[in-house]
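Below: one structure, written as structure tokens.
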Amino acid sequence: MKQTRVLIDVWSDYVCPFCYLAEPALARIAEELAEQVEVKWHAFELRPDPVPTLDPGGEYLRDIWTRAVYPMAEQREMTLRLPPVQPRSRLALEAAEFAREQGTFNEMNRAIFRAFFETGKGIGDREMLLGIARDVGIDGDGLLLALERGEYHQPVIADEQLAHQLGLSGVPAMLLRREGELLEAATEIVGARRITCFDA
Numbered sequence: 059m060k061q062t063r064v065l066i067d068v069w070s071d072y073v074c075p076f077c078y079l080a081e082p083a084l085a086r087i088a089e090e091l092a093e094q095v096e097v098k099w100h101a102f103e104l105r106p107d108p109v110p111t112l113d114p115g116g117e118y119l120r121d122i123w124t125r126a127v128y129p130m131a132e133q134r135e136m137t138l139r140l141p142p143v144q145p146r147s148r149l150a151l152e153a154a155e156f157a158r159e160q161g162t163f164n165e166m167n168r169a170i171f172r173a174f175f176e177t178g179k180g181i182g183d184r185e186m187l188l189g190i191a192r193d194v195g196i197d198g199d200g201l202l203l204a205l206e207r208g209e210y211h212q213p214v215i216a217d218e219q220l221a222h223q224l225g226l227s228g229v230p231a232m233l234l235r236r237e238g239e240l241l242e243a244a245t246e247i248v249g250a251r252r253i254t255c256f257d258a
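Our numbering applies: residue 59 is where the sequence shown begins, and numbers increase by one.
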């Protein structure tokens with residue numbers, strides 16, 4: 059008898075360090091248990107325009123990085139640095155959706171996180187995203203055209219609307235369910251929100 063697969067739906071934003079801290083474990087689960095588990099990432103822009111972005115040099119970010127981000131990164135043997143910029147993430151989320159259609163979402167997802175949290179690149183910049191895409195083998199010209207036309211704006215909005223319908227207000231948010239079950243019946247993974255980035 060065929061075993062029912064487990065689905066993990068993850069809402070995430072590229073400016074949330076806790077989302078990046080969760081990425082390696084989720085990638086490992088998806089790779090090692092590919093036949094039993096599917097991980098699907100969803101977009102959730104924490105600070106859409108006109109909501110102000112955080113001050114890169116402000117006390118809030120310095121405090122949360124010192125108190126939580128750096129210790130968690132050390133535990134996971136990851137190298138994160140507090141980025142010198144706090145960009146809008148809408149274009150990065152749209153670029154990831156383009157990569158999903160190209161079959162390279164996981165590579166692009168990881169590359170955007172690394173670019174921001176390891177090298178401090180401004181991932182809200184279109185040219186920067188095109189460079190990241192080309193580095194992982196994605197068609198930069200195709201991505202540029204898609205971003206200019208706003209082809210992946212609606213999928214990002216739809217992910218965010220779904221999150222709000224499910225009562226999710228921060229990221230990372232992870233829901234666990236059996237294949238065939240509705241998202242409304244999913245169970246939130248305990249611990250995923252122990253420390254989160256909130257949209258308010």
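In this text, a Cβ means the ideal position worked out from N, Cα and C, and glycines have one as well. Predicted model, so just to flag it, every value in this text is computed and none were measured.
(request) Could you check the C-alpha separation between A173 and L149 for me, to the nearest Å? (result) 14 Å
(message) For a quick check, are the C-beta atoms of H222 and E152 less than 8 Å apart?
(response) no
(message) DSSP three-state label for A92, please.
(response) DSSP places A92 in coil when its eight states are reduced to three.
(request) Specify, as a first and last residue, the run of the beta strand (DSSP E) that I66 falls within. (result) V64 to S70
(request) Alpha carbon to alpha carbon, how far is D199 from Y78? Give it in angstroms, no decimals. (result) If you take the alpha carbons of Y78 and D199, they lie about 27 Å apart.
(message) Can you check which of these residues, Q144, T245, E90 and I122, is closest to L104 by C-alpha distance?
(response) Q144
(request) Rounded to whole angstroms, what's the CA-CA distance from E176 to P141? Just pull it up for me. (result) When the Cα atoms are used, E176 and P141 turn out to be separated by approximately 8 Å.
(request) Please report how far the alpha carbon of R251 lies from the alpha carbon of R134, in whole angstroms. (result) With a pLDDT of only 49 at R251, under the threshold of 50, the placement of this residue in the model should not be trusted, and no figure is reported.
(request) Kindly indicate the opening and closing residues of the alpha helix (DSSP H) around R146. (result) Where R146 is concerned, there is no enclosing alpha helix (DSSP H), given that its DSSP letter is neither H nor E.
(request) Buried or exposed for P108, please, with buried defined as at least 16 other CB atoms from any protein chain shown within 10 angstroms of its CB. (result) Exposed is the call here.
(message) On the DSSP bridge list, what partners appear for K98?
(response) D67
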